[in-house]
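In this note's numbering, the protein residues as written are 106 to 202. All C-beta atoms, glycine included, are put in the ideal place defined by N, C-alpha and C. Keep in mind that this is a model prediction, so the values were computed, not measured.
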């Protein structure tokens, strides 16, 4: 299985300045899957099988949309064939680990 690294943001619209309760719901969904999940101030980074990431992303988007009228979601995928693709390897490459 080739692992991918993905960056996700799920943004509910029309619910005021604070959206943390919706972000928490999305993160809970990601944690149900066989993925490495790392949150940061502007999004969430996922590591795992591409199909698993896509399923988790779809479920998280739908979960947030259940509570609001509009959601804008972004998914950025980094997939490599030439070397192992992990969050840790990427951080080491820029001297952050």
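- Taken in chain order, the complete alpha helix (DSSP H) segments of 4 residues or longer contained in the segment 111-145 are 125-136.
- Uninterrupted beta strand (DSSP E) stretches at least 3 residues long and entirely within the segment 147-197 occur at 148-154, 175-183, given in chain order.
- Rounded to the nearest angstrom, the Cβ distance from residue 113 to residue 180 is 6 Å, consistent with a contact under 8 Å.
- Between the C-alpha atoms of residue 109 and residue 135 there is a straight-line separation of about 15 Å.
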